[in-house]
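Residue numbers (this note's numbering), protein chains in the order written: chain A, 2 to 307; chain B, -11 to 208.
The beta-carbon is built from N, C-alpha and C at its ideal position, and this holds for glycine as well.
Owing to the predicted nature of the structure, the values given are computational and were not obtained by experimental measurement.
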Amino acid sequence: MERVEELADQILSQFAGLGYEINRDEVIKRLKLLLYEFKVPESEAVRTVRNWIIKEYGIPREKVVEAPLVKIKDITKPGQWVSLKAKVVQIWDSTSPSVSQVGLIGDETGIIKFVIWAKSGKGEVEEGKCYLFKNVVTDSFQGRMQINVGRTSEIVEIDEDIQLPPREIEVIGALVAIQQNSGLIQRCEQCHRVMTKGICPIHGKVKGYDDLRVKGVLDDGENVYEIILNEGNIKDLTGIDLEKAKQIASERLDRNAVLSELKRILLGRYFKVAGVRGGRYLLVRRVEKILGVKADEVDKLLEVLA
Amino acid sequence: MNGFRRREVARRAFAYEINRSTYRFPREDEKSPAYVLTPLGVRVNRVFIVGALLDKEEIKPDSGIWRIRVSDPTSAIYGYVSRFQPDALESLMEIDVPELVAIVGKVRTFEVGARIFVSLRPEYVSPVESGVRDYWVYETAKHTIERIKAMERKEDEDVKLAWQIYNPNLDEYRAIVKQALLTLKGTIAEGEEEEEEIQGFEEEFEFEEEEWDLSDILKE
Ligand SMILES: [Zn+2]
């Protein structure tokens, strides 16, 4: 679908949500004129068309200041204009220069992936803080819903503590892979992103600080879950904290020695992880190592076979 | 796992079941993952196995290809590790056999004459504690019991195919699971009749393999 049609449908869906049926051809015509003839930026074109609709159809202005406020569980269709209040649950490493930030946000009804496009020029969000995401567009990527923060969106920090879904799952699985960007890593002092060889993907060559993490795959034989263990989790499981990790790195003159050591201790072991599922991630709240199996559990299985 | 394809789950199956998984699904294209069908009707690409690493041997001097033999309470299975699995090779070099290990790897089949052999292509080999083995035996028993139940229901497409291809004796699999579980209670597993040795065939077979072709390496 052409970009203009996409924009038109987003505008239409917003007004449809308010109970107004707008002439699509007219909207497309106006958008084309503004974008292709007058070379107006997308956000200005959208704003202008929306203002025209409001006047033309006599829609009370207070009704349309922003897209309808929704809960995450209600986001089921792509191409909808919505606003939502949510907490930033996790920020991932962005591998694409066109993406400013990507990660997960949640409210009490669910968790959803968000993408802040670099060209949106929107400020950055921080893990654990709550925001009103205004006028964002829903989208579907690889079968899962996400929200896109674009030029016409707004992000406003709010002074509210939004609760995440209480429904926690518990998975017992084997840690079958640990990714390379694990172990003793460096994060950018400005944006906390993980740096590669002293380079932040956004800020380039800047000062970094040390951190300890494991990005891995937990596999229960039926499903795979990507998990991130932070310094606290790693310390509980292995006895290695950031100080110890730095010591290992300096003794062996190799930062990678920490990753090797963590792999040696953790790979192929079973863990019980309690957390909330978000996309392909399982957000770790608690983690413990499984040390063996209880005799009564074995007996239960033997009874099934008897 | 950053690709577009979802990471393959590592299935839990005893070596006894894997060794008999000789049916290979036709690949959609060269890049699609290779699956075998087990006699209990599950499609397998990757497995997670915990057992005793009994042997490791370079199949030809300086070939860089190591044959390993690893055994769980039901049977032993062969695996091949080469420099194309650097993590597995590196840890394998440091292990003295016998040793309890956890292995994540792909299941591969190859034909020698009229016979089809099943082997593992480990992605890593990691020495582990006996508690890990105990939990694996328990978990694998649980999964195998679920598969036996699914075979009885005969609903799933892959299950129907397994009946058609293998027509397995489910009691035989119940006995295997029971034997494995009893080892957790201190019983010694009897195991099956020793399989025909694969040894010596490596130079003849060709791997149908996306990662590496053993026959090429052998010619170097
Ligand atoms: Zn930065």
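So Gln11(A) is in the alpha helix (DSSP H); what residue range does that whole segment cover? 4 to 18
Shorter than 8 Å from the beta carbon of Glu191(B) to some beta carbon of chain A? Residue confidence is low: Glu191(B) scores 47 on pLDDT, short of 50, so the model does not pin down where it sits. Its coordinate-derived value is still stated next. With 8 Å as the cut-off, Glu191(B) does not count as an interface residue toward chain A.
State the Cα-Cα distance for the pair Asp160(A) and Gly129(A), rounded to the nearest angstrom. 12 Å
Could you tell me which residues DSSP pairs with Tyr123(B) in its beta bridges? Answer by DSSP bridge pairing: none, since Tyr123(B) is not bridged.
Short of 7 Å in beta carbon distance, which residues of its chain neighbour Arg135(B), apart from the five on each side in sequence? Order them along the chain. Leu28, Gly29, Val30
For Asp162(A), which three-state DSSP category applies? coil
Touching or not, the stretch 100 to 115 of chain A and the stretch 73 to 86 of chain A, by the rule of three or more beta carbon pairs under 8 Å? yes
Per-residue DSSP class, three states only, for Pro74(B): helix
Which class does Asn257(A) belong to by DSSP, given the choice of helix, strand or coil? helix
Got a sec? Which residues, its chain only, sit under 7 Å from Glu155(A) by beta carbon, not counting five neighbours each side? Lys135, Asn136
Any contact of the stretch 2 to 9 of chain B with the stretch 138 to 146 of chain A, i.e. 3+ C-beta pairs under 8 Å? no
Does Ala250(A) get closer than 8 Å to chain B when you measure Cβ to Cβ? no
What do you reckon, is the C-beta of Val103(A) under 7 Å from a heavy atom of ligand 1? no
Ligand 1 and Glu41(A): does the residue's C-beta get closer than 7 Å to at least one heavy atom of that ligand? Rather than Glu, the amino acid found at residue 41(A) in this sequence is Val. No; taking the cut-off as 7 Å, the Cβ of Val41(A) has no heavy atom of ligand 1 nearer than that.
For the stretch 94 to 155 of chain A, which segments carrying the beta strand (DSSP E) assignment without a break, of at least 3 residues, lie completely within its bounds, in sequence order? 100 to 108, 111 to 118, 131 to 142, 145 to 150
Distance, Ile176(B) Cα to Tyr170(B) Cα: Per the sequence shown, residue 170(B) should be read as Leu rather than Tyr. When rounded, the distance between both Cα atoms is 8 Å.
Other residues of its chain near Val83(A): CB distance less than 7 Å, five sequence neighbours each side excluded: Ala68, Pro69, Val71, Ile76, Val137, Thr139
Heavy atom of ligand 3 within 7 Å of Arg256(A) beta-carbon: As presented, the structure is devoid of ligand 3, carrying ligand 1 as its sole ligands.
Cβ distance (whole Å) where Val225(A) is taken to contact Val218(A) below 8 Å: 5 Å
Would you identify the three-state DSSP class for Ala178(A), choosing helix, strand or coil? strand
Output the distance between the C-alpha atoms of Gly80(A) and Glu7(A), rounded to the nearest integer angstrom. 8 Å
Is Val195(A) close to ligand 1? I mean its beta-carbon at under 7 Å from any heavy atom of the ligand. no
Interface residues of chain B around Arg25(A) at Cβ under 9 Å? The contacting residues do not exist; Arg25(A) stays about 33 Å from chain B at best.
Since I believe Leu176(A) is in contact with Leu213(A) (beta carbons under 8 Å), could you give me their beta-carbon distance rounded to a whole number of angstroms? Actually they are not in contact, since the Cβ atoms of Leu213(A) and Leu176(A) sit about 16 Å apart, beyond 8 Å.
Figure out for me which residue from Arg121(B), Gly93(B), Pro115(B), Lys173(B) has the closest Cα to the Cα of Glu82(B). Pro115(B)
Quick one: Cα of Arg25(A) to Cα of Leu13(A), how far? 7 Å
Return yes when the Cβ of Val92(B) is within less than 8 Å of the Cβ of Arg55(B), no when it is not. no
8 Å CB neighbourhood of Trp53(A) in its chain, flanking five on each side removed: Arg31
Ile117(A): beta carbon under 7 Å from a heavy atom of ligand 1? no
Sequence-distant residues of its chain with Cβ nearer than 8 Å to Asp242(A) (five each side left out): Leu213, Glu232, Ile235, Lys236
List, in chain order, every chain D residue whose beta-carbon is nearer than 7 Å to that of Val58(B). Of the chains in the structure shown, none is chain D; the protein chains are A and B.
Taking only beta-carbon atoms, is Lys94(B) less than 8 Å away from chain A? no
Figure out for me which residue from Asn7(B), Gly174(B), Ser79(B) has the closest Cα to the Cα of Val106(B). Asn7(B)
For Trp82(A), write down the residues that DSSP places opposite it in a beta bridge. Val138(A)
Decide yes or no for the touch test of the stretch 142 to 156 of chain B against the stretch 297 to 307 of chain A: beta carbon pairs closer than 8 Å, at least 3 of them. no
Quick one: does Leu292(A) have its CB under 8 Å from some CB of chain B? yes
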